[in-house]
Structure formats: C-alpha cells, structure tokens
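Here's the structure, in structure tokens; my notes come after.
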Amino acid sequence: MDKVDCVVVGAGPAGSSCAIGLARKGIKTVLLERGREAGGKNVASFVLFTDVLRMIIPEFEDEAPLERVVTDNSFICLFNKDFLEFRMRFSDFSEKRSAYTAYRSKFDKWFAQKAEEEGVELIRGVLVTGLLKEKGRVVGVRIGNEEILADVVVGADGVLSVVSRDSGLYEDDTSRYKLGIKEVLDLPPEIIEERFQLSKGEGCIKDGWGYPLSDVGGVFSLYTNTDSISIAVFAPIDSIRQGRVNLRQRLEEFKAHPYINSLLIGSSLREYEAHILSDGGRLKLKRLYSDGVILCGEAGGFMSSTWVGVPPAMLSGLKAAEAVALAKRRGRYDAESLSCYADLLRQTGLPRTLYNARRFSNLIVSLKGEQIEKLNCNLIRLTEDFTLGEIDFLSPGSSPMLSRIFDDFVMEFLPKYLRYPLKTIVKSLANLLVLIKKVKIRRSV
Amino acid sequence: MLSKSFSVQDKLARVHFIIDKEPHITVDKAKCLECESKPCLPACPAENYNYNEEARELTYNHEGCLECGTCRFICPMDAITWSYPRGGFGVAYKWG
Chain Y
8 MDKVDCVVVG AGPAGSSCAI GLARKGIKTV LLERGREAGG KNVASFVLFT
58 DVLRMIIPEF EDEAPLERVV TDNSFICLFN KDFLEFRMRF SDFSEKRSAY
108 TAYRSKFDKW FAQKAEEEGV ELIRGVLVTG LLKEKGRVVG VRIGNEEILA
158 DVVVGADGVL SVVSRDSGLY EDDTSRYKLG IKEVLDLPPE IIEERFQLSK
208 GEGCIKDGWG YPLSDVGGVF SLYTNTDSIS IAVFAPIDSI RQGRVNLRQR
258 LEEFKAHPYI NSLLIGSSLR EYEAHILSDG GRLKLKRLYS DGVILCGEAG
308 GFMSSTWVGV PPAMLSGLKA AEAVALAKRR GRYDAESLSC YADLLRQTGL
358 PRTLYNARRF SNLIVSLKGE QIEKLNCNLI RLTEDFTLGE IDFLSPGSSP
408 MLSRIFDDFV MEFLPKYLRY PLKTIVKSLA NLLVLIKKVK IRRSV
Chain U
102 MLSKSFSVQD KLARVHFIID KEPHITVDKA KCLECESKPC LPACPAENYN
152 YNEEARELTY NHEGCLECGT CRFICPMDAI TWSYPRGGFG VAYKWG
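From first to last, the protein sequence lines are chains Y and U. The first sequence maps to residues 8 to 452 in the working numbering. The second sequence maps to residues 102 to 197 in the working numbering.
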C-alpha cells in the first residue's frame with residue numbers, strides 16, 4: 008500500500024470520530040479494524056450520550072441503530088435480600104433525546120460506515136501487531152508481514168492497545184482496570200415497557216452497588232434495549248488477581264437477588280460477553296503523544312465506567328484529528344508539533360471530568376463492604392427523615408443530613424447529571440427528593 | 102425464577118466464534134506447577150483454564166476465549182502469554 012497521511016488503529020467510537028475529523032480536513036486516512044466488522048469485538052453496557060455525536064453527525068437519529076431513548080435513570084443500593092432504589096424520570100429527556108441505549112456491535116459498524124462515506128479507507132479483519140519505527144520515530148504500522156507507512160499513527164485501539172504499548176506511551180494502569188461480565192437477555196418489548204413502567208420506545212438505565220460485590224468495591228448495571236436487557240457486573244482486576252472474587256459466580260448471585268430476579272423473569276440468554284475496561288483516565292497529558300504517534304479513546308485512558316462512557320473517547324478522537332491537522336500545516340509530526348493535542352484537550356474540560364471520574368471510582372473501590380452498608384443505612388435513615396416533615400430541598404446547606412446526601416450521593420453517585428444544564432440538575436434534585444418519600448424501600452431488620 | 106440456569110459452557114454456546122487454528126494463548130505449564138493460588142481458574146469468564154489434579158497439568162482452550170484480556174494481567178508466575186487472535190478471527194459479538 009502507498010504511504011498515507013494517517014493510519015488510525017481501531018474502528019471504535021474514538022477511531023471513527025478521529026477518522027471522520029481527519030477526512031473532513033482533507034487528510035488521507037486509513038482506518039484499521041481487527042474484527043470482521045467494526046464493533047464485533049466490543050463489550051459495553053452502552054448508553055450513548057449524544058452531545059458529541061450530534062457535533063459530528065447532527066442527523067444521526069435518522070439512521071443510527073439506536074435502541075431506546077433514555078427517560079429513566081436509577082441508582083440501586085442492593086442488600087442481601089433488600090434494596091433501595093432512587094429512580095429519576097425526566098420527561099424532557101425524551102424531547103431532548105440526550106441519551107440512547109444501543110449495541111456497540113451495531114453502532115460501531117454504522118459509525119465506521121459513516122467514516123467510509125467521508126472518504127476514509129476502512130480495512131476490516133486486520134490486526135496491527137506493532138509499530139514501524141525509524142530512529143525512534145513512529146513511521147507506520149506492521150500487520151503481520153505487511154506494513155503501512157504513514158506520517159502519523161493514531162492509536163484508538165482500546166484498553167489493550169498495541170499502539171500505546173509499542174510506542175512506549177503505555178502507563179501501567181492495571182490498578183484502574185476492571186473486569187466486566189455481561190449478559191444480554193431476550194425479553195419482549197411490551198414486557199420491558201410494562202415491567203419498567205416505560206412508554207413505547209422509552210428506556211431506563213439502572214446502575215448500582217452493594218450486594219453481591221460490596222467486599223471488592225464492585226458495581227453493576229442493568230439497561231433496557233428494544234427487545235432485550237443488558238446486565239453486567241464489574242470488579243477491580245486487583246481483586247481478581249488476589250483471588251478474592253469469582254465474578255462468574257457473583258453474576259449468578261446478582262441475578263438471583265429477589266429484586267433483580269423480578270426484573271429478569273421470563274428472559275432468556277441471548278449472548279454472554281466479557282471485557283476489561285479502564286476507569287477514570289490518565290492524568291499526564293504529555294504521555295498521549297510522541298514522535299509520529301498520538302493516542303485517543305480508551306487507549307489514552309478516555310473512558311470511565313462510572314462516568315459517561317463513550318463521549319470522552321469520541322471527543323478525544325476529534326481533538327486528535329485537529330492536532331494532526333495542525334501538525335500537517337506545520338509539516339512536522341514530531342512530539343513538539345503534536346503537543347497542541349494536550350492544549351486542545353484541556354480546552355474541552357475533559358481532563359478535569361476524567362479526574363473527577365477517577366476520584367469517584369477510587370471512592371467506590373476504597374469503600375469496604377461495611378462502609379457501603381453503613382452508607383446505605385444512612386440513606387435509609389435519611390428517607391425516614393424526609394417522611395417526617397417539610398424540608399427546603401432546594402438549599403442543601405440547610406440540613407446537615409441533606410448536605411451529606413447532596414455531597415456523598417447525588418453529586419458523586421449520579422455524575423451523569425452533571426452533563427446537563429444547572430437548571431436540569433436542580434430540577435432533578437428536587438424530583439429526586441420528592442421521590443425519596445415514595446422510594447421503594449424494604450428495610451432489613 | 103429465570104427460565105433456565107446456564108453453565109458457562111451453555112453460555113459460550115450462545116457466542117459466535119471464528120476459530121483460528123493458531124492459538125493466541127500460550128502457557129508455560131512448568132511454571133503452573135509452582136503456582137499455589139492459580140487465580141486464572143476463577144478469573145476467566147469463559148472458564149478456559151482448568152487444572153487436572155491427577156495429571157498435575159494446567160489445561161486451557163483458546164477457542165472459547167472472549168478476548169477480555171484478564172489473564173494477561175493476573176498471572177503471578179508470568180506464565181500466560183496472551184495476544185489478540187489474528188485479524189478477523191476470534192470472538193464475534195453480535196450484541197456487544
């Protein structure tokens with residue numbers, strides 16, 4: 008193959024975003040995917056927050072393979088037999104269409120096709136085995152015995168990135184890794200809508216912690232697709248390495264919990280999946296580029312399971328494309344020329360977002376089982392407080408207890424809401440606190 | 102209750118694989134003899150690692166690998182070498 012301007016490794020959300028950005032700037036780009044189809048290797052409890060995608064493809068709703076528009080979001084604290092669920096419903100979510108559930112296997116394929124339509128050359132079924140280097144500078148990629156020469160290589164090849172490791176930019180982030188095991192369960196659309204109290208086409212996402220993962224700081228999720236439910240459990244790799252958790256069994260325990268079980272009745276297994284994910288990004292922006300190479304998406308740490316998932320990856324891909332375009336104008340692709348990437352990222356506020364996500368993730372992992380139980384119990388007491396009298400719930404400073412829930416719970420547990428305008432957050436808080444009175448609760452004696 | 106409880110093998114039967122004869126996992130089995138904890142056994146979501154007590158041998162099967170990457174990070178003996186399968190091979194999720 009003739010030399011190209013840019014090789015993007017990995018046709019996931021970051022890689023395709025980057026490739027589209029590059030193509031629109033007239034940069035000749037090859038996009039490489041190791042699966043036979045883009046998305047075929049990916050596992051995600053996938054909620055697509057739409058702001059970044061809307062920037063790239065404003066009319067995506069007409070054609071992207073989406074499942075349900077998210078109108079309901081819950082946080083579940085799970086006990087051995089009981090549970091505490093905070094359920095929020097935002098009717099304007101449906102109008103704003105801020106988030107959708109989707110399958111990565113369908114979405115990534117579609118998104119890579121969009122890149123092709125922009126003039127990107129997509130090659131599927133090829134595994135990049137290493138980088139080509141010349142005097143320490145990256146000059147292309149190796150695909151087994153073949154090679155592709157390029158001015159610059161973009162590593163968008165995920166958490167197990169070959170590009171990041173072979174370029175020397177990899178940082179040992181394994182303490183931030185989690186294993187996620189997921190099942191996709193068939194369930195007819197009408198049953199989903201009835202069971203989860205949704206209108207046609209609406210979807211809910213439920214995240215939570217506690218049983219059966221509280222001893223290792225694990226989390227779980229349960230999302231609705233059109234005719235299936237995705238459930239997943241996550242635990243830190245460290246706890247798995249130490250043999251403290253058999254996540255396969257924990258998934259079964261999770262499914263057998265009376266409440267979770269009641270949501271899954273009548274479903275049947277469609278697919279079983281697993282993948283490692285990184286959580287909460289990198290702090291060193293200078294370690295995202297080197298001579299002839301640049302990292303984006305999860306390869307660069309732009310991912311957070313407890314935050315907003317994929318949009319940071321897509322945004323980092325777009326910014327990597329801008330950085331490459333600026334470097335091209337200068338005619339050099341060395342580290343100095345690509346360093347504008349760090350500035351472009353800083354302007355987006357992404358590093359700060361990921362720093363917060365990292366803090367949040369640390370918090371969850373650092374909490375021991377009994378602390379989670381204690382926090383859960385505090386939440387129960389709090390719900391009692393709320394049933395006793397009127398509280399000015401719009402000024403959290405007015406009650407120490409409310410202050411605590413505001414700090415510990417709402418701001419930390421539901422960071423997804425920080426993506427919405429302040430008015431929405433305040434409104435959602437108000438809704439939340441009104442709902443607390445009606446919170447579904449059965450207390451352990 | 103759920104209509105049916107599945108073994109891991111049953112679960113894997115619902116996953117599509119494009120099998121590569123060339124293994125992408127190799128294990129230095131001599132090291133496994135020295136390994137007390139063997140975290141790979143409970144860790145692998147596909148239950149691909151097993152230990153045969155009689156033969157004192159670790160067995161593994163690359164064909165059912167979900168490519169999650171876990172075993173790459175957990176082996177205390179550094180006995181497991183795991184890389185991606187060749188391009189186009191391996192797990193092919195339809196609902197990932």
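The beta carbon of each residue, even a glycine, is placed where N, CA and C say it ideally should be. These numbers come from a predicted model, not from an experiment.
Cβ distance (whole Å) where residue i is taken to contact residue j below 8 Å
| i | j | result |
| --- | --- | --- |
| His-163 (chain U) | His-117 (chain U) | At roughly 16 Å, the Cβ-Cβ gap does not stay under 8 Å, so His-163 (chain U) and His-117 (chain U) are not in contact. |
| Ala-239 (chain Y) | Ile-188 (chain Y) | 7 Å |
| Ile-272 (chain Y) | Leu-186 (chain Y) | With 8 Å as the limit, Ile-272 (chain Y) and Leu-186 (chain Y) do not qualify as a contact, their Cβ atoms being about 27 Å apart. |
| Pro-177 (chain U) | Ser-138 (chain U) | 6 Å |
| Tyr-296 (chain Y) | Tyr-348 (chain Y) | 5 Å |
| Ser-235 (chain Y) | Arg-277 (chain Y) | 6 Å |
| Glu-44 (chain Y) | Lys-121 (chain Y) | About 14 Å separates the two Cβ atoms, so there is no contact after all. |
Residue burial classification, residue i (beta-carbon count within 10 angstroms, cutoff 16)
| i | result |
| --- | --- |
| Gly-22 (chain Y) | buried |
| Leu-134 (chain U) | exposed |
| Arg-94 (chain Y) | buried |
| Thr-152 (chain Y) | Residue identity differs from the one stated: residue 152 (chain Y) is Asn in this sequence, not Thr. Exposed, because fewer than 16 other Cβ atoms sit within 10 Å of the Cβ of Asn-152 (chain Y). |
| Ala-114 (chain U) | exposed |
| Gly-47 (chain Y) | buried |
| Thr-160 (chain U) | exposed |
| Thr-57 (chain Y) | buried |
| Thr-127 (chain U) | exposed |
| Lys-445 (chain Y) | Here the model assigns Lys-445 (chain Y) a pLDDT of 37, short of 50, so the residue's position is not dependable, and the following value carries that caveat. Under this definition Lys-445 (chain Y) is an exposed residue. |
| Pro-120 (chain U) | Per the sequence shown, the amino acid found at residue 120 (chain U) is Ile instead of Pro. With fewer than 16 other Cβ atoms within 10 Å, it is exposed. |
| Met-62 (chain Y) | exposed |
| Ala-131 (chain U) | exposed |
| Glu-343 (chain Y) | exposed |
| Ala-157 (chain Y) | buried |
| Gly-17 (chain Y) | buried |
| Glu-66 (chain Y) | exposed |
| Arg-157 (chain U) | exposed |
| Arg-353 (chain Y) | exposed |
| Pro-243 (chain Y) | buried |
| Ser-285 (chain Y) | buried |
Below-7 Å beta-carbon distance, residue i vs any chain C residue
| i | result |
| --- | --- |
| Leu-85 (chain Y) | This model lacks chain C altogether, as its protein chains are Y and U. |
Chain Y contact residues for residue i, given Cβ-Cβ distances below 8 Å
| i | result |
| --- | --- |
| Gly-170 (chain U) | Val-166, Leu-167, His-282, Ile-283 |
| Ile-119 (chain U) | Arg-43 |
| Arg-187 (chain U) | Leu-134, Gly-151 |
Any chain U beta carbon closer than 7 Å to residue i
| i | result |
| --- | --- |
| Ser-112 (chain Y) | yes |
| Arg-133 (chain Y) | With the sequence shown as reference, residue 133 (chain Y) is identified as Val, and Arg is not the correct amino acid for it. Chain U contact via Cβ: present. |
| Thr-233 (chain Y) | no |
| Ile-198 (chain Y) | no |
| Ile-188 (chain Y) | yes |
| Val-37 (chain Y) | no |
| Arg-248 (chain Y) | yes |
| Ile-64 (chain Y) | no |
| Glu-201 (chain Y) | no |
| Val-191 (chain Y) | yes |
| Ile-244 (chain Y) | yes |
| Met-418 (chain Y) | With a pLDDT of only 48 at Met-418 (chain Y), under 50, the local geometry of the prediction cannot be trusted, and the value read off the model is given with reservation. So, not an interface residue. |
Residue i: contacting residues in chain U (beta-carbon distance under 7 Å)
| i | result |
| --- | --- |
| Glu-278 (chain Y) | Arg-115, Val-116, Tyr-194, Lys-195, Trp-196 |
| Tyr-184 (chain Y) | Phe-174 |
| Thr-181 (chain Y) | Phe-174 |
| Val-161 (chain Y) | Ordered by position in chain U, no residue passes the 7 Å Cβ test against Val-161 (chain Y), which lies about 18 Å from the chain. |
7 Å Cβ cut-off: residues of chain Y touching residue i
| i | result |
| --- | --- |
| Leu-167 (chain U) | Glu-280, Ala-281 |
| Val-109 (chain U) | Arg-255 |
Chain Y contact for residue i (CB, 7 Å cutoff)
| i | result |
| --- | --- |
| Tyr-161 (chain U) | no |
| Ala-180 (chain U) | no |
| Lys-112 (chain U) | yes |
| Ala-144 (chain U) | yes |
Per-residue contacts from residue i into chain Y (C-beta, under 9 Å)
| i | result |
| --- | --- |
| Pro-124 (chain U) | Within chain Y, no residue comes near Pro-124 (chain U); the closest Cβ sits about 15 Å away, beyond 9 Å. |
Chain U residues whose Cβ lies nearer than 8 Å to that of residue i
| i | result |
| --- | --- |
| Val-77 (chain Y) | Chain U residues near Val-77 (chain Y): none, gap ~18 Å exceeds 8 Å. |
| Ala-51 (chain Y) | Gly-197 |
| Val-240 (chain Y) | Going along chain U, no residue has its Cβ under 8 Å from Val-240 (chain Y), so there is no contact; the nearest lies around 10 Å. |
Chain-ordered chain U contacts of residue i [CB-CB under 9 Å]
| i | result |
| --- | --- |
| Val-127 (chain Y) | Per Cβ cutoff of 9 Å: no residues; Val-127 (chain Y) is ~18 Å from chain U at best. |
| Lys-48 (chain Y) | Glu-168, Tyr-185, Gly-191, Val-192, Ala-193, Tyr-194, Gly-197 |
Inter-stretch contact (C-beta, 8 Å, three-pair minimum) for the stretch 135 to 144 of chain Y and the stretch 164 to 181 of chain Y: yes
Cβ contact check for the stretch 72 to 87 of chain Y and the stretch 143 to 152 of chain Y: 3 or more pairs under 8 Å: no
Inter-stretch contact (C-beta, 8 Å, three-pair minimum) for the stretch 20 to 40 of chain Y and the stretch 317 to 327 of chain Y: yes
Does the stretch 196 to 211 of chain Y come within contact of the stretch 328 to 345 of chain Y, defined as at least 3 CB pairs closer than 8 Å? no
If contact is defined by three or more beta carbon pairs under 8 Å, each pair taking one atom from either stretch, is the stretch 23 to 37 of chain Y in contact with the stretch 318 to 332 of chain Y? yes
For the stretch 84 to 91 of chain Y against the stretch 157 to 169 of chain Y, are there 3 or more C-beta pairs whose distance is under 8 Å? no
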